[in-house]
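Participant: Structure provided below as structure tokens; questions to follow.
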Amino acid sequence: MANVFFDIEINDKAAGRIVMKLYDDVVPKTARNFRELATGRHGFGYEGCKFHRIIPGFILQSGDFTKGDGTGGKSIYGGRFVGDGISVLAHVLPFSRFSPRIDESFQLKHTKPGLLSMANSGRDTNSSQFFITTISTTWLDGSHVVFGEVIENMELVKDIESRGTPQGTPKAKIIIARCGTV
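According to our numbering, the sequence shown is numbered sequentially starting from 28.
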């Protein structure tokens with residue numbers, strides 16, 4: 028499958044391109060959502076979206092193109108989407124109160140900088156928001172779906188990271204000016 032690119036602007040000036048590889052073989056539904064939001068295939072997506080949360084030594088977060096503040100977003104499947112995973116509890120307790128549906132996969136772990144992962148507000152709440160790790164964030168394993176990684180221009184990721192604050196408020200206007208597939 029095609030890689031995804033983001034052309035980034037910082038304070039209305041071109042800053043460079045980030046290229047990301049998606050793990051279609053492990054999380055095809057999540058990868059498809061991200062790729063199609065990058066292409067704008069459904070009439071909405073990441074183009075013009077800002078990085079609304081940047082925490083040095085942790086993450087860069089974006090993807091809220093509906094509200095811009097981390098409370099919005101929308102997937103290609105509707106508002107939020109449920110993965111195709113099967114809960115371990117569904118096998119152990121098939122008639123219990125536990126839902127047999129879970130986030131698509133927690134097979135991939137947050138083991139290094141440059142990983143793409145879905146931001147969410149709990150189980151089965153993936154939409155369009157994502158983050159890029161700037162360190163290993165293993166405490167997020169089992170809560171967020173890793174679906175890709177930066178393969179070109181980690182230098183720009185680090186530059187964006189330097190424009191964050193411990194509270195997450197960016198010190199600069201950083202947007203995805205253009206995006207798509209390469």
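Just so you know, even glycine gets a beta-carbon here, dropped at the ideal spot from N, CA and C. In this text, all values refer to a predicted model and were calculated from it rather than measured experimentally.
May I ask you to verify whether the region 176-196 touches the region 36-49, counting CB pairs closer than 8 Å and requiring at least 3?
Facilitator: yes
Participant: Is it a yes or a no for the region 55-70 touching the region 186-198, going by three-plus beta-carbon pairs under 8 Å?
Facilitator: In this structure the region 55-70 does not touch the region 186-198; the number of beta carbon pairs closer than 8 Å is below three.
Participant: Counting only the same chain and skipping the five closest in sequence on each side, list residues whose C-beta sits under 6 Å from that of TYR73.
Facilitator: LEU64, ALA65, ILE203 and CYS206
Participant: In its own chain, which residues sit with a C-beta less than 8 Å from the C-beta of ASP34, not counting the 5 before and 5 after it?
Facilitator: ALA41, GLY43, ARG44, ILE203, ALA204, ARG205 and CYS206
Participant: Nearest to THR138 by CA position, among MET145, SER163 and ASN153, is which residue?
Facilitator: Among MET145, SER163 and ASN153, the Cα nearest to that of THR138 is on SER163.
Participant: Report all residues from its chain with a CB closer than 8 Å to the CB of LYS185; omit the five preceding and five following residues, and keep chain order.
Facilitator: Exclusion of the five residues before and after LYS185 leaves THR161 as the residues of its chain whose Cβ lies within less than 8 Å of its Cβ.
Participant: Going by beta carbon distance, what residues of the same chain come within less than 7 Å of LYS136, once the five residues before and after it are set aside?
Facilitator: THR165, ASP168 and VAL173
Participant: Between PHE85 and the rest of its own chain, which residues show a CB-CB distance below 8 Å, the 5 nearest in sequence each way excluded?
Facilitator: Taken in chain order, the residues that qualify are THR160, THR161, ILE162 and THR164.
Participant: Name the DSSP beta bridge partners of THR208, please?
Facilitator: VAL31
Participant: How is the beta strand (DSSP E) around LYS198 delimited, first residue to last?
Facilitator: It is not in any beta strand (DSSP E) - LYS198 carries neither H nor E in the DSSP assignment.
Participant: Just to check my reading of the structure: PHE158 and GLN88 have Cβ atoms closer than 8 Å, yes? What is that Cβ distance to the nearest angstrom?
Facilitator: 4 Å
Participant: Identify every residue that forms a DSSP beta bridge with GLN88.
Facilitator: ARG80 and PHE158
Participant: Given that a residue counts as buried once 16 or more other Cβ atoms are within 10 Å of its Cβ, and exposed if not, what is ASP91?
Facilitator: The residue in question, ASP91, is buried, as its Cβ has 16 or more Cβ neighbours within 10 Å.
Participant: Please classify ARG44: does DSSP put it in a helix, a strand, or coil?
Facilitator: strand
Participant: Taking 7 Å as the limit between beta carbons, can you name the residues of its chain near ILE201, skipping five residues before and five after?
Facilitator: ILE35, ILE37, LYS77, PHE78, ILE187 and ARG190
Participant: Is the beta carbon of VAL53 closer than 9 Å to that of VAL219?
Facilitator: Limits of the chain in this structure are 28 at one end and 209 at the other, which puts residue 219 out of reach.
Participant: Roughly how many whole angstroms lie between the Cα atoms of PHE71 and MET28?
Facilitator: 21 Å
Participant: Flag this pair as yes or no: are the beta carbons of SER155 and SER102 separated by less than 9 Å?
Facilitator: Against a cut-off of 9 Å, the Cβ pair of SER102 and SER155 comes out as a contact.
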